[in-house]
Amino acid sequence: MRRPVAVEAVGAAVSLGGRVVWKDLDVHVDRGSFTAVLGPNGVGKSTLLRAILGLQPLTAGRLTVLGAPPGRARARIGYLPQRRSFDPGLRVRGVDVVRLGLDGTRWGVPLPFAGPGRRVRDERRRVAAALDRVGASTYARRPVGQVSGGEQQRLLIAQALVRSPELLLLDEPLDSLDITNQGSVAALVQSVCRQEGVTVIMVAHDVNPILAYVDQVVYLATSGAVSGPPQEVINGPTLSRLFDTTIEVLTTSDGRLVVVGQPEPPAVHADRHAP
137 MRRPVAVEAV GAAVSLGGRV VWKDLDVHVD RGSFTAVLGP NGVGKSTLLR
187 AILGLQPLTA GRLTVLGAPP GRARARIGYL PQRRSFDPGL RVRGVDVVRL
237 GLDGTRWGVP LPFAGPGRRV RDERRRVAAA LDRVGASTYA RRPVGQVSGG
287 EQQRLLIAQA LVRSPELLLL DEPLDSLDIT NQGSVAALVQ SVCRQEGVTV
337 IMVAHDVNPI LAYVDQVVYL ATSGAVSGPP QEVINGPTLS RLFDTTIEVL
387 TTSDGRLVVV GQPEPPAVHA DRHAP
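Numbering (the numbering used here), first residue to last: 137 to 411.
Here it is, written out as structure tokens:
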């Protein structure tokens, strides 16, 4: 029996400044599943997340998010936008970064734990639980600028999880991480998805660190999109049809995928951090 749907797009389209970003988008994301959004730069991967949040209106088609129109369910969504590394001199503690997920939307800075004792205890419990979920409790009271990139990313995922969302949207969370931390964060996200039933949609540049963890991929291109299990999407015939040019998908000896096309590959799924 098919699981309930978390996000469904039917014939969806978005235009920005008179340019069609994507159109005829049909995507079905089951609740409790882990979906990766892939594709070359400029095809609207981040725009798709904004549309799900209700921040970018459709120009055609239909989009349903957690059983409601986009924007209606925003309080039930955790969102991690693209970012750069924190400045090494930043003195804000990791625990304060996580607490921004509770009250930063109101004031822009974390409020001190104050107010009725029951509320304070509840906030502390929720922050501690989020830190524990991502394995960040041991360094959460250190300045966020003094922990590693992988540790910073875990803190930001905890921030997105602190309100116990049903849907987690992650925009390039593996960018700028080395290959070890990419795999570690991908495994963490899958664990949250599997153990707690949180639906995850992650925008990624490279499929390889997450290939073993995702249930589905959505591959966007200027001419359309295709979605399905990784093996049904990331193959030569499917991508050749999508990009209307000859595409080859090669598998290396260690199981990594490399996408090659002419005159320009849509994306090269390889280790960007290798020498």
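Just so you know, even glycine gets a beta-carbon here, dropped at the ideal spot from N, CA and C.
Since we're looking at a predicted model, the values are computed, not measured.
Identity of the residues DSSP links to residue i by a beta bridge
i: P193; result: DSSP output for P193 lists no bridge partner at all.
i: T171; result: I337 and Q352
i: V201; result: V143 and A204
i: Y215; result: L305
i: L393; result: T387
i: R155; result: L152
Residue i to residue j span [Cα, whole Å]
i: I315; j: L375; result: 25 Å
i: Y275; j: V283; result: 8 Å
i: R242; j: M338; result: Low local confidence applies: a pLDDT of 45 at R242 is under 50, so the model's placement there is unreliable, with the coordinate-based value given in what follows. When rounded, the distance between both Cα atoms is 26 Å.
i: L306; j: H164; result: 17 Å
i: P345; j: L199; result: 29 Å
i: V395; j: Y349; result: 19 Å
i: P401; j: D268; result: In this predicted model, P401 has a pLDDT of only 45, less than 50, meaning its place in the structure is not dependable; the value taken from the coordinates is given anyway. Rounded to the nearest angstrom, the two C-alpha atoms are 41 Å apart.
i: V231; j: V173; result: 30 Å
i: A266; j: P365; result: 30 Å
i: S327; j: L292; result: 16 Å
i: V280; j: R260; result: 19 Å
i: G237; j: P301; result: 11 Å
i: Q218; j: A187; result: 15 Å
i: V179; j: I370; result: 17 Å
Assigned exposure category for residue i - 16 Cβ within 10 Å defines buried
i: E287; result: buried
i: G214; result: buried
i: A196; result: exposed
i: N177; result: exposed
First through last residue of the alpha helix (DSSP H) which encompasses residue i
i: G147; result: No alpha helix (DSSP H) holds G147; the beta strand (DSSP E) holding it covers V141 to L152.
i: G286; result: G285 to L297
i: R227; result: No alpha helix (DSSP H) contains R227, which DSSP labels as neither H nor E.
i: G360; result: G360 -> not in any alpha helix (DSSP H); beta strand (DSSP E) instead, spanning G360 to G364.
i: L324; result: I315 to E332
Near the ligand ATP: residue i beta-carbon under 7 Å from a heavy atom
i: D390; result: This structure lacks the ligand ATP; in fact it carries no ligand of any kind.
Contact belief for residue i with residue j at Cβ below 8 Å, rounded distance in angstroms
i: V336; j: L356; result: About 17 Å; that fails the 8 Å criterion.
i: Q295; j: V385; result: Wrong, their Cβ atoms sit about 36 Å apart, outside the cutoff.
i: F170; j: D311; result: About 18 Å; that fails the 8 Å criterion.
i: P309; j: L216; result: 6 Å
i: G175; j: K181; result: 6 Å
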